[in-house]
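Engineer:
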Amino acid sequence: MLKPVDAPGMEPRLPTDRQVARGFARLTGGFWRGATARTAWFWTLALAASVIFSVFVNVTVNRWNGWFFDTLEKKDTEGALIAMAVFPVLAITVAGVGVGILVTRETLQVHWRKWVMAKLADGWVGERRFYRLSLSGYEPANPEYRIADDVRWATEPLVDFAIGLLSALITIIMFIEILWEIGGGLTLPQSFGGVTIPAYLVLAAIVYAVLVSGLITIVGRHLPRLAAARNEGEARLRFSLMRIRDHGEAIALARAETGERRAVARTYDNLAQRWLAMIRWRGRLTWITNGSSALVPVVPLLLAAPKYLSGDMSLGGVVQVAAAFVAVQNAFNWVLDNFMRIAEWLAAARRVNELADALERLGTSRPDDHLTVMPSPDGMLRLAEVTLTDRGGRNLVADLDITAPPGATLHVSGELGLGKAALIQAVAGLWPWGRGEIALPAQAQVTVVPHSLHLSEGSLRAILDTAQSLSTERLADALRRYGLSSLAQRLDEHNDWDKALATGDRQRLALARAELEAPDVLLLDEATSALEVDAALDLIAELRAARPDAIMLLMGQSAGFAEAASHRLLMKRAGGVARMAAHDANSRAHGPHPEEGSHGPSRRGKTELPIGPDGAAITHGADRC
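Reading the sequence shown from the start, the letters are residues 8 to 632 in the numbering used here.
(1) Does the Cβ-Cβ distance between glycine 386 and proline 448 come in under 9 Å?
(2) Quick one: Cα of leucine 544 to Cα of alanine 469, how far?
(3) Output the boundary residues of the alpha helix (DSSP H) element that contains histidine 118.
(4) Does the beta-carbon of asparagine 360 have 16 or more other beta-carbons within 10 angstroms, so that it is buried, or is it exposed?
(5) Enumerate in chain order the residues of its own chain whose CB-to-CB distance from alanine 451 is below 6 Å, with the five nearest sequence positions on each side excluded.
(6) What's the C-alpha gap between aspartate 562 and leucine 494?
(7) On a Cα-Cα basis, can you pick out the residue from Ile349, Trp438 and Thr84 that is closest to leucine 378?
(8) Distance check for asparagine 337 and arginine 120, CA to CA, integer angstroms please.
(9) Check the C-beta distance from alanine 569 over to histidine 418 and give it rounded, since I have them as a contact under 8 Å.
(10) How is the beta strand (DSSP E) around alanine 411 delimited, first residue to last?
(11) Keeping to the same chain, check which residues put their C-beta closer than 6 Å to that of aspartate 77; ignore five residues upstream and five downstream.
(12) Since valine 3 is in the alpha helix (DSSP H), which residue starts that stretch and which ends it?
(13) Are arginine 292 and methionine 347 touching if we call contact CB-CB under 9 Å?
(14) Of the choices Leu516, Ala566, Ser383 and Ala334, whose alpha-carbon is the least far from that of leucine 176?
(15) Return the chain-ordered list of same chain residues with a C-beta closer than 6 Å to the C-beta of leucine 462, the five sequence neighbours on each side being excluded.
(16) Which runs of the alpha helix (DSSP H) spanning at least 4 residues fall entirely within the stretch 427 to 477, listed in chain order?
(17) Leaving out five residues on either side along the sequence, give the residues of the same chain with a beta carbon under 6 Å from the beta carbon of phenylalanine 182.
(18) For aspartate 503, does the three-state DSSP call read helix, strand or coil?
(19) Please identify the residue among Val166, Asp129, Ala169 and Phe168 whose C-alpha is closest to the C-alpha of alanine 155.
(20) Taking the alpha-carbon of leucine 362 as reference, which of Asp24, His574 and Leu34 has the nearest alpha-carbon?
(21) In or out: lysine 82 buried (at least 16 other Cβ within 10 Å) or exposed?
(22) Look at the alpha carbon of leucine 309 and the alpha carbon of serine 317, and state the distance between them as a whole number of angstroms.
(23) Please classify glutamate 351: is it buried, with 16 or more other beta-carbons within 10 angstroms of its beta-carbon, or exposed?
(24) Specify, as a first and last residue, the run of the beta strand (DSSP E) that proline 164 falls within.
(25) Starting from the C-beta of threonine 178, find all residues in its chain whose C-beta is less than 6 Å away, skip the five residues before and the five after it, and write them out in chain order.
(26) What does DSSP give as the partner residues of lysine 579 in its beta bridges?
(27) Should alanine 329 and alanine 311 be called a contact, given that it needs their Cβ atoms to be closer than 9 Å?
(28) Within 10 Å of its beta-carbon, does phenylalanine 38 have 16 or more other beta-carbons around it, so buried, or fewer, so exposed?
(29) Nearest-angstrom Cα distance between leucine 576 and valine 123?
(30) Give the range of the beta strand (DSSP E) segment to which aspartate 532 is assigned.
(31) Specify, as a first and last residue, the run of the beta strand (DSSP E) that proline 382 falls within.
(32) Using DSSP with H/G/I as helix, E/B as strand and the rest coil, what is arginine 265?
(33) Hey, out of Val214, Gly192, Ala98 and Ile213, whose CA is closest to proline 205's CA?
(34) Consult DSSP for leucine 388 and reduce its assignment to one of helix, strand or coil.
(35) Would you mind working out which of Val93, Ile59, Asn65 and Val58 sits nearest phenylalanine 75, comparing C-alpha positions?
(36) How about alanine 405 and arginine 237: do their beta carbons lie closer than 9 Å?
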């Protein structure tokens with residue numbers, strides 16, 4: 008969960024274990040409500056019924072033990088044979104109950120994990136939050152690991168805990184009755200005062216359990232924190248190794264493998280230290296758990312021995328009492344037996360909560376200085392006095408004023424630096440920091456064509472048509488028009504297209520995909536960098552012909568951008584801040600506007616750039632370098 012801060016300058020506190028449990032319950036409890044309620048309650052009740060029935064079967068087995076050993080003590084052959092004949096029925100019943108618990112438990116775990124994972128994945132992927140979260144500063148480490156693995160470790164054990172707790176409570180009730188009934192009271196010899204201890208086996212079981220559980224709690228109190236640190240270290244190691252795979256080509260060409268190997272070694276050293284710290288505490292805990300495991304079967308025999316030797320308890324009674332004592336002890340020590348798993352569950356639940364809280368915070372928080380995004384009443388794209396900053400408030404692009412009508416093609420070049428990415432993301436609705444207003448055509452579809460389109464592993468059809476609504480003929484025609492005729496017959500072929508296609512072909516595919524999305528605003532970020540100028544011009548012309556009214560912003564120095572634009576805008580950097588510096592209204596694609604010569608720098612510090620047949624203009628702030 009997000010860490011509350013006590014006062015300025017103080018370190019945020021980690022939520023307590025109780026807060027973690029409550030937060031996880033709020034996050035995941037919706038599984039038992041809404042559309043999944045029927046499924047959730049069916050498997051929950053079926054599991055509970057199986058667990059309760061299993062306890063009654065165990066009590067029956069305990070009573071069978073008493074019956075069988077009593078017949079042996081009495082040398083009752085007929086009774087022993089009857090007991091042996093009954094036992095296979097008990098064995099089959101025990102096996103059947105075990106199957107029932109297994110099926111209901113794991114089915115409930117699968118459905119619950121699916122619901123929680125879908126909720127987090129939808130929250131993370133939906134509305135491009137995975138990217139916005141990385142920009143926000145709220146993103147916890149390795150969100151993908153939290154969704155894929157931590158959800159599992161936070162849901163599956165919890166079902167097991169519920170089974171164990173329910174079983175423990177019923178076992179305590181049922182088997183204490185056996186201890187009370189068979190054990191009765193114990194009268195001490197006269198040398199010890201002749202005192203009678205009522206229900207002495209019940210009292211002994213409770214005292215023993217309290218002592219051992221108390222020791223476990225004291226010794227193991229640090230394990231949840233250590234388990235969380237270890238899991239974080241494991242995630243960092245996986246990330247380090249994935250980084251090498253993702254950037255394998257660059258690392259190999261630069262011969263940078265030595266540095267990467269050292270980075271992985273440092274990450275593992277840190278993980279090893281966390282593991283060793285946890286091992287030391289688990290070693291201390293093992294002294295108590297193993298010692299208790301050795302004592303539990305012996306203690307009831309020692310306690311029952313005086314009554315057996317005095318003839319007050321039969322052999323069958325001793326066997327029943329010993330088994331009942333162990334059952335009660337195991338039930339009382341449920342927390343003891345699951346302490347490590349509870350610690351690991353708390354660590355996983357904490358990590359899941361942190362991701363859920365970060366997503367919630369992303370949806371509710373807003374920077375003090377923020378951009379205003381609004382619909383444009385006249386269908387134009389407008390940036391009014393827009394200044395973009397980074398998260399720390401440092402200016403990246405300053406005083407940007409642009410007005411572009413439908414059909415305009417604007418080439419933005421120069422020394423943008425980090426400001427280019429910020430400008431693209433601001434128009435796309437992803438950049439939260441800055442000031443000013445951005446007006447987009449009402450309900451506009453904004454499509455960004457990046458330098459290198461990410462191609463999901465799968466079919467070309469899924470890559471080109473994310474809505475699964477276009478015909479095969481439409482998709483094949485788009486591929487042919489963008490120079491990918493060889494792929495037109497491979498729409499349903501599954502492949503790792505990132506590796507199967509050259510950079511130039513991936514850029515052609517990205518432009519085809521952009522056309523099929525039917526955008527109103529197109530942002531091309533170095534989208535033709537791997538192509539020749541003539542090829543780039545043909546592709547941009549194809550895109551313009553398909554979307555004649557779309558507003559196109561061509562960002563960067565890619566081939567064909569300058570020639571295809573109706574107007575060009577040059578940015579200069581001063582002190583790390585990009586500002587408007589100059590414009591050039593000539594273009595190969597459209598030629599100069601007839602009224603262009605009548606407009607020059609105004610005395611108010613504005614430069615108007617007429618474009619489009621309706622006389623609408625692109626304007627920008629004066630050079631402030």
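Glycine residues also receive a C-beta, built at the ideal position from the N, C-alpha and C atoms.
Structural biologist: Per the coordinate set shown:
(1) Position 379 of the sequence shown, counted from the first residue, corresponds to residue 386. Position 441 of the sequence shown, counted from the first residue, corresponds to residue 448. Their beta carbons are under 9 Å apart, which means glycine 386 touches proline 448 by this criterion.
(2) By 1-based counting over the sequence shown, the position of residue 544 is 537. By 1-based counting over the sequence shown, the position of residue 469 is 462. Going from the Cα of leucine 544 to the Cα of alanine 469 covers about 27 Å.
(3) Within the sequence shown, numbered from 1, the residue matching residue 118 stands at position 111. Counting along the chain, the alpha helix (DSSP H) containing histidine 118 begins and ends at 84 to 132.
(4) Working through the sequence shown from its first residue, we reach residue 360 at position 353. Label assigned to asparagine 360: buried.
(5) What you label residue 451 is simply residue 444 of the sequence shown in a count that begins at 1. Only Asp527 and Val528 meet the Cβ criterion.
(6) Here the question's residue 562 lines up with position 555 in the sequence shown. Here the question's residue 494 lines up with position 487 in the sequence shown. In the sequence as displayed, the identity of residue 562 is methionine instead of aspartate. Computed Cα separation, rounded: 28 Å.
(7) For the purposes of this step, residue 378 is taken as residue 371 along the sequence shown, with counting starting at 1. Residue Trp438 is the option with its Cα nearest to leucine 378.
(8) What you label residue 120 is simply residue 113 of the sequence shown in a count that begins at 1. What you label residue 337 is simply residue 330 of the sequence shown in a count that begins at 1. The straight-line gap from Cα to Cα measures roughly 29 Å.
(9) Position 562 of the sequence shown holds residue 569. Position 411 of the sequence shown holds residue 418. Sure, about 6 Å apart at Cβ, within 8 Å.
(10) Within the sequence shown, residue 411 is the residue found at index 404, counting from 1. Its beta strand (DSSP E) spans residues 402 to 411.
(11) Along the sequence shown, read from residue 1 onward, the residue named residue 77 stands at position 70. Contacts found: Ser321 and Gly323.
(12) Nothing about residue 3 can be read from this structure; the chain reaches only from 8 to 632.
(13) Counted from its first residue, the sequence shown places residue 292 at position 285. Counted from its first residue, the sequence shown places residue 347 at position 340. The residue asked about is misnamed: residue 292 is leucine in this sequence, not arginine. Yes; because the gap between Cβ atoms is below 9 Å, this pair is in contact.
(14) Within the sequence shown, the letter at position 169 stands for residue 176. Measuring from the Cα of leucine 176, the nearest candidate turns out to be Ala334.
(15) As a working mapping, residue 462 is identified with position 455 in the sequence shown. Ile470, Trp504 and Asp505.
(16) 467 to 471
(17) For the purposes of this step, residue 182 is identified with residue 175 of the sequence shown, where counting begins at 1. For phenylalanine 182, where only same-chain residues beyond five positions count, the Cβ hits under 6 Å are Ala331, Ala334 and Val335.
(18) Here residue 503 is taken as the residue at index 496 of the sequence shown, counted from 1. If DSSP states are grouped into helix, strand and coil, aspartate 503 belongs with coil.
(19) The residue labelled residue 155 in the question sits at position 148 within the sequence shown. Nearest C-alpha to alanine 155: Asp129.
(20) The count along the sequence shown starts at 1 and reaches residue 362 at position 355. The option with the nearest alpha carbon to leucine 362 is Leu34.
(21) Taking the sequence shown and counting its residues from 1, one reaches residue 82 at position 75. Per the 10 Å Cβ criterion, exposed.
(22) Residue mapping note: residue 309 aligns to position 302 of the sequence shown, counting from 1. Residue mapping note: residue 317 aligns to position 310 of the sequence shown, counting from 1. Going from the Cα of leucine 309 to the Cα of serine 317 covers about 13 Å.
(23) Here residue 351 corresponds to residue number 344 of the sequence shown, with the count starting at 1. With 16 or more Cβ atoms within 10 Å of its Cβ, glutamate 351 is classed as buried.
(24) Position 157 of the sequence shown, counting from 1, holds the residue named residue 164. Here proline 164 belongs to no beta strand (DSSP E); instead the alpha helix (DSSP H) covers 158 to 185.
(25) Locating residue 178 in the sequence shown gives position 171, where the first residue counts as 1. Same-chain partners within the cutoff: Val62, Ala334 and Ala338.
(26) For the purposes of this step, residue 579 is taken as the residue at position 572 of the sequence shown. Paired residue(s): Arg586.
(27) Residue 329 sits at position 322 when you count from the first residue of the sequence shown. Residue 311 sits at position 304 when you count from the first residue of the sequence shown. It is a contact, given that the beta carbons lie within the stated cut-off.
(28) On the sequence shown, position 31 is the one that residue 38 refers to. Phenylalanine 38 comes out buried.
(29) Locating residue 576 in the sequence shown gives position 569, counting from the first residue. Locating residue 123 in the sequence shown gives position 116, counting from the first residue. So the two alpha carbons sit approximately 48 Å from each other.
(30) In the sequence shown, the residue the question calls residue 532 occupies position 525. Note, aspartate 532: beta strand (DSSP E), 528 to 532.
(31) Here residue 382 refers to the residue found at position 375 when the sequence shown is read from its first residue. Here the beta strand (DSSP E) through proline 382 covers 379 to 383.
(32) As a position in the sequence shown, residue 265 is number 258, starting the count at 1. First, the amino acid is wrong: residue 265 is threonine here, not arginine. Helix.
(33) As a first step, residue 205 must be located in the sequence shown, where it is residue number 198. Cα-wise, what sits closest to proline 205 is Gly192.
(34) Walking along the sequence shown from the start, residue 388 turns up at place 381. Leucine 388: strand per DSSP, three-state reduction.
(35) As a first step, residue 75 is located in the sequence shown; it is residue number 68 there, counting from the start. Nearest C-alpha to phenylalanine 75: Val93.
(36) Indexing the sequence shown from 1 puts residue 405 at position 398. Indexing the sequence shown from 1 puts residue 237 at position 230. No. Outside cutoff.
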